[in-house]
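Since the structure comes first, as C-alpha cells, the remarks are kept for the end.
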Ligand code: AMP
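Residue numbers (our numbering): 24 to 307.
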C-alpha cells in the first residue's frame, strides 16, 4: 500500500501542491463529502489514469444543506475513508475544519443561473447549488488543480460546476465520470446507508423504471405518457417522487419532442426518509 499524505489546513495544502508542482507533476482534485464508496474511488482512478497526483478532499459542507436536511447525521467515516484511499493509491487527502473554510465573518457566495435554475434539484433544494458552487470554487482555488473530477451521478451539479469554471475562467479541466452502480442497478451513494433492508430491496426499482421509460421513449413512445407511466410505477413501488423529467443533456432545458440532441432522464425520489437521485442517458 502506498503512503497517503493527510493535510488539514489550507496552508499545508498549498505547500503540498507547491512541492508537487516543483517536481513537475500535474494535480487532480476529487472533491467529496467522505463516506467513500466505489463511486468515489472510480473518480480517483480516472485521476491516476491521467497521470496526475491525486488529491481527494473530504468535507461535509454545511452550506449546501438546508436546515431541515441531513447535515447532522451525514455519515462521517474518516479512518475507513483513508484506508480506502490508501488501497486506491491516492496521493493525498485534504480534510479541513469547518472553521477554516467558513471563518467568522464569511459572507460571500456564488450566485448562479443557467443549469442551476433548471427546475430540477434547485426546485426542491433552493439553496443547495449556491453552497456547492461556493465550496467547489474555494476548493479549486485552494488546491489549484489542473483537473477536477466529478460524478455524472450528480448530473445537474456537474453542469453547474462546468458552467462556473467556464464563466469564472478557472482554467481547470472539469471531467464528468460515469455513475457506478450496485449489481442490481442502484447508483452507489453515501446516503444509501440510511436505507432499511426493506427499502434497500425496493431502491433499484427507481433505476429499473427509468431504464424502461428511456427504452420506451427511444422506441417512439409519447414522452409525457411514458413519463407518467414511469411516475406511477415508481410511486406504486413505494417512492415519493420529487421529479422525473426528460431534459436536454447539455442545457438541461425541457424537451418537447425527440431529436438528435443527447437527452437525459433525471429523477429524485424519496424512499422513507432517504432521498435518492439518479439519471441516465436516453439516446446514446
Ligand atoms: P459526494 O461525496 O456525494 O459529494 O460525492 C463526491 C463526488 O463523487 C461527486 O462528484 C459525485 O458526483 C461523485 N459520486 C457520488 N456517487 C457516485 C457514483 N455512484 N458513481 C460515480 N461518482 C459518484
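All residues carry an ideal CB built from backbone N, CA and C; glycine is no exception.
Going by CA-CA distance only, name the one from 306, 211, 212, 27 that's closest to residue 282. 306
Using a Cβ-Cβ distance cut-off of 9 Å, determine whether residue 89 contacts chain D. Absent from the structure: chain D. Only one protein chain is present.
Report the residue ranges of all beta strand (DSSP E) runs contained in full by the segment 85–136; include only those spanning at least 3 residues, in chain order. Runs of the beta strand (DSSP E) inside the segment 85–136: 115–117.
Between 71, 265, 59, 113, which has its C-alpha nearest residue 103's C-alpha? 59
Residue 30 versus residue 138 - alpha carbon distance: Whole-angstrom Cα-Cα distance: 33 Å.
DSSP three-state call for residue 163: helix, strand or coil? Helix.
Could you tell me the alpha carbon to alpha carbon distance between residue 234 and residue 288, rounded to whole angstroms? 9 Å
Other residues of its chain near residue 94: CB distance less than 8 Å, five sequence neighbours each side excluded: 83, 85, 88
Rounded to the nearest angstrom, what separates residue 240 and residue 273 at their Cα positions? 19 Å
Could you name the residues of the same chain whose beta carbon sits closer than 8 Å to that of residue 169, not counting the 5 residues immediately before and after it, in chain order? 49, 50, 51, 75, 195, 196
May I ask you to check if the CB of residue 154 is nearer than 8 Å to at least one heavy atom of the ligand AMP? no
Beta bridge counterpart(s) of residue 174 as assigned by DSSP: Per DSSP, 200.
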